[in-house]
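Protein chains in written order, with the working numbering: chain A, 114 to 425; chain B, 114 to 425.
Note that the Cβ used here is the ideal one computed from N, Cα and C, for glycine as well.
Keep in mind that this is a model prediction, so the values were computed, not measured.
Below is one structure; the comments refer to it alone.
Number of protein chains: 2
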Amino acid sequence: MTVSRALNNPKIVRAETVNKVMEAVRATGYIPNMLAGGLASRRSKLIAVVVPQINNNMFVDTIQAISDELAARGYHMLLCVAGDTNESEAEIVATLLSRRPDGIVLTGIHHTPELKRLLLNATIPIVEIWDLTPTPLDMLVGFSHESIGNAIGHYLLGKGHSRFGLVWTEDARAGLRKKGIYDVIQKQQGSHAREAIVPWPATLALGRQGLSDLLANGEDFDAIICSSDTLAQGVMIEAAARGLAVPKTLAVMGFGDLDFAAHCTPSITTVRVDRWKIGTDAAAMLAEKIEGKSVPSPIVDIGFSLIERESA
Amino acid sequence: MTVSRALNNPKIVRAETVNKVMEAVRATGYIPNMLAGGLASRRSKLIAVVVPQINNNMFVDTIQAISDELAARGYHMLLCVAGDTNESEAEIVATLLSRRPDGIVLTGIHHTPELKRLLLNATIPIVEIWDLTPTPLDMLVGFSHESIGNAIGHYLLGKGHSRFGLVWTEDARAGLRKKGIYDVIQKQQGSHAREAIVPWPATLALGRQGLSDLLANGEDFDAIICSSDTLAQGVMIEAAARGLAVPKTLAVMGFGDLDFAAHCTPSITTVRVDRWKIGTDAAAMLAEKIEGKSVPSPIVDIGFSLIERESA
DNA sequence: TTGTAAGCGTTATCAG
DNA sequence: CTGATAACGCTTACAA
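Next comes the structure, spelled out in structure tokens:
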């Protein structure tokens, strides 16, 4: 017991005793066993993070930020890939719970009813990220995809565009942004939109393909809206190959403000969200709540900004 | 005990009993406690993965592959960021060991002596990745950065280049590739090289900056070699801004074969390594060894291929 | 400031 | 095929 105290809370142990313990630790190569510690204390110092995908330009910065913030606070991160369906997420979280994490980060706000029950039953702090709702399971850090869609719609209508093509992936959150766009442009007389749906995750090749598909029927577009900057860049590459001037003939709009968006030629008009802040805030809120501090605002809308550049 | 068996190895329990157990599990909302299980069985079903950085175009595909392979085999992944110094890695792995992972994936082959001792003492399976050595701590999946450097050097000399500029980050593995390049080009009469060192991780802006720095002294180059495709793209953007024709005036060479490399204009000549295979193999080898199967070849060189495109 | 006893929720082992 | 018992290595709660 004295060793346990010397290691975890040396202040309450006589300095001389602490030294003796440390010496013994060195001499024997002792490594604490957090499985045993977690079992006894019911605190695992483990945070489970569930994302649809790791190698994704969007989530990866958030994951990095979570990891950094957690490490600084003495937690480890259990990272799980859930794919893009609620069912796979539910299955994965169920097994995750057997690790007795002190908290969970979930991507998105849509979960199966069973998962919700499971999670609320477990009574551990939860942060949902990358989306927005007034009724999260527990806490939330994100932004409104519909608002972003609205902003994109207004922006492009304001520029006088009316013949829209969407190059879009079908993941849950992209769907919300699309809805936001349609809500705005369908109110505008004479505007219309066509879609090229591409698989998720997005690549440049899929962007090129998307534009090709849109143009295949001989239809005419004045603005292409993409569900990510990667697709937008692909669209611009295809446009260049076809001799379509961007933005003169064809405006192109992205989402994400990835590194290359500012440096492409033409640079990509897009929507920026602070992906790092999502992670930092989520981790911090979780840690605070775990440690019994009150979290004043459990719902954080980090907002977004539309970045006007050359492509639209 | 019967419950434990019914859950973990139902075959050895009477079907009727298994059903009774499952029913009770459902009725009570029972969730197993793997902390207790791991403590008792000395198997945590946990793999620790240590990378210098998560939000890195190179490692992220490997991490995804590790995660996928581990999930398929019933393991969870503890993901830790170690930065680019051996000291921070040692510190992080030391705390990681207290989770009693069944195996560890380490990025790189250079570790502090204390860490090596710690790891060998722990006698758990280890895979080092993203580098090559005949003497890994345990197992290894990677490739030779020096060989890649050699290949780049030979390729560019073969194209008749002799005035080299390097836009380079200073991480450990990039340093090896640089050495490989110098070993080749310094043997060539009349060739010379200058370097622009940029911080890690690489961005397009740093690539642009790198080329600007190289050109600042009025020196003349016929080939720019970059430690990553991202830098190469940045260099090409800067070259375009300065009216330097790529590859006519200036050849540009990257590393990684990231998605955009094939789609840039001009497309980027680069070196491809199978980042996914590194992860899949590493996870598979670890799992096999943990489960007592023999791993016939503990050192896997996944090789590389130089992809000739337009930029060089 | 340090020590004692009990227990955290599993699994290994052996017995039936 | 099922059950009893004793760990696993720590922390809580209380005592000294």
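For residue i, does the three-state DSSP call read helix, strand or coil?
i	result
Thr-220 (chain A)	strand
Gly-432 (chain A)	Because chain A in this structure spans residues 114 to 425, residue 432 (chain A) falls outside the shown range and cannot be described.
Asp-181 (chain B)	helix
Asp-335 (chain B)	coil
Glu-351 (chain A)	helix
Met-398 (chain B)	helix
His-189 (chain A)	strand
Ile-176 (chain B)	helix
Glu-241 (chain B)	strand
Asp-387 (chain B)	coil
Asp-372 (chain B)	helix
Ala-364 (chain B)	strand
Met-135 (chain A)	helix
Val-194 (chain A)	strand
Ile-160 (chain B)	strand
Gln-301 (chain A)	coil
Asn-263 (chain A)	helix
Arg-70 (chain A)	Only positions 114 to 425 of chain A appear in the structure, and residue 70 (chain A) is not among them; the question remains open.
Glu-204 (chain B)	helix
Lys-229 (chain B)	helix
Ser-407 (chain B)	coil
Ile-294 (chain A)	helix
Ser-154 (chain B)	helix
Thr-115 (chain A)	helix
Tyr-143 (chain A)	coil
Gly-356 (chain B)	coil
Asp-426 (chain B)	In the structure as shown, chain B begins at 114 and stops at 425. Residue 426 (chain B) is therefore absent and cannot be evaluated.
Asn-170 (chain A)	coil
Gly-273 (chain A)	coil
Pro-314 (chain B)	coil
Pro-123 (chain A)	helix
Asn-330 (chain B)	coil
Thr-130 (chain B)	helix
Based on the DSSP secondary-structure assignment, which residues constitute the bridge partners of residue i?
i	result
Leu-344 (chain A)	DSSP lists no partner for Leu-344 (chain A).
Glu-308 (chain B)	B:Leu-279
Ser-418 (chain A)	A:Arg-385
Val-254 (chain A)	A:Ile-242 and A:Val-413
Less than 7 Å between the C-beta atoms of residue i and residue j, yes or no?
i	j	result
Leu-324 (chain A)	Asp-342 (chain A)	no
Arg-205 (chain A)	Tyr-188 (chain A)	Strictly speaking, residue 205 (chain A) in this sequence is Ile, with Arg absent from that position. In this structure, Tyr-188 (chain A) does not lie closer than 7 Å to Ile-205 (chain A) by Cβ.
Leu-228 (chain B)	Val-163 (chain B)	no
Ile-179 (chain A)	Ala-396 (chain A)	yes
Gln-346 (chain B)	Leu-319 (chain B)	no
Ile-222 (chain A)	Thr-246 (chain A)	yes
Arg-385 (chain B)	Ser-418 (chain B)	yes
Pro-165 (chain B)	Ala-203 (chain B)	no
Leu-363 (chain A)	Val-280 (chain A)	no
Gly-266 (chain A)	Val-297 (chain A)	yes
Pro-123 (chain A)	Val-131 (chain A)	yes
Asn-169 (chain B)	Pro-360 (chain B)	no
Leu-327 (chain A)	Arg-307 (chain A)	yes
Asp-174 (chain A)	Arg-388 (chain A)	yes
For the ligand NAP, any of its heavy atoms closer than 6 Å to the Cβ of residue i?
i	result
Ile-179 (chain A)	Among the components of this structure there are no ligands whatsoever, and the ligand NAP is therefore not found.
Taking a cut of 9 Å between CB atoms, which residues from the segment 117–145 of chain A lie near chain B? Gly-142, Ile-144 and Pro-145
The segment 326–339 of chain A: positions lying closer than 9 Å to chain B by Cβ: none
Could you name the residues of the segment 190–218 of chain A whose beta carbon sits closer than 9 Å to any beta carbon of chain B, in the order they occur along the chain? Met-190, Leu-191, Leu-192, Cys-193, Val-194, Ile-205, Ala-207, Thr-208, Leu-209, Leu-210, Ser-211, Arg-212 and Arg-213
If contact is defined by three or more beta carbon pairs under 8 Å, each pair taking one atom from either stretch, is the segment 199–216 of chain B in contact with the segment 220–240 of chain A? no
Note down, in chain order, all residues in the segment 359–376 of chain B with a beta-carbon under 9 Å from any beta-carbon belonging to chain A. Asp-372, Phe-373, Ala-375 and His-376
With three or more C-beta pairs closer than 8 Å as the rule, is the segment 327–337 of chain B touching the segment 264–276 of chain B? The segment 264–276 of chain B vs the segment 327–337 of chain B: in contact.
Using 8 Å as the threshold, is the segment 377–388 of chain A in touch with the segment 416–425 of chain A, meaning 3 or more CB pairs across them? yes
Relative to chain A, which residues along the segment 389–413 of chain B have a C-beta separation below 7 Å, given in chain order? none
Three or more C-beta pairs closer than 8 Å, one from the segment 137–152 of chain B and one from the segment 283–293 of chain A: is that the case here? no
With 9 Å as the C-beta to C-beta threshold (strictly closer), list the residues of the segment 233–249 of chain B near chain A in chain order. So the list reads Asn-234 and Ala-235, given in the order they occur along the chain.
Would you call the segment 389–400 of chain A and the segment 237–244 of chain A touching, i.e. three or more CB-CB distances under 8 Å? yes
When you compare the segment 356–372 of chain A with the segment 258–275 of chain A, are there three or more beta-carbon pairs, one atom per stretch, that lie closer than 8 Å? yes
Identify each residue in the segment 147–161 of chain B for which the Cβ-Cβ distance to at least one residue of chain A is less than 7 Å, and report them in chain order. Met-147, Leu-148, Ala-149, Gly-151, Leu-152 and Ser-157
Could you list the residues in the segment 286–319 of chain A with a C-beta less than 8 Å from some C-beta on chain B, going in chain order? Against chain B - using a Cβ distance shorter than 8 Å - the residues of the segment 286–319 of chain A are Thr-316, Leu-317 and Ala-318.
Closer than 8 Å, Cβ to any Cβ of chain B: which residues of the segment 170–183 of chain A, in chain order? For chain B, the residues of the segment 170–183 of chain A that bring a beta carbon within less than 8 Å of one of its beta carbons are Val-173, Asp-174, Ile-176, Gln-177, Ser-180 and Asp-181, in chain order.
Scan the segment 252–270 of chain B for residues whose Cβ lies nearer than 7 Å to a Cβ of chain A and list them as they occur along the chain. none
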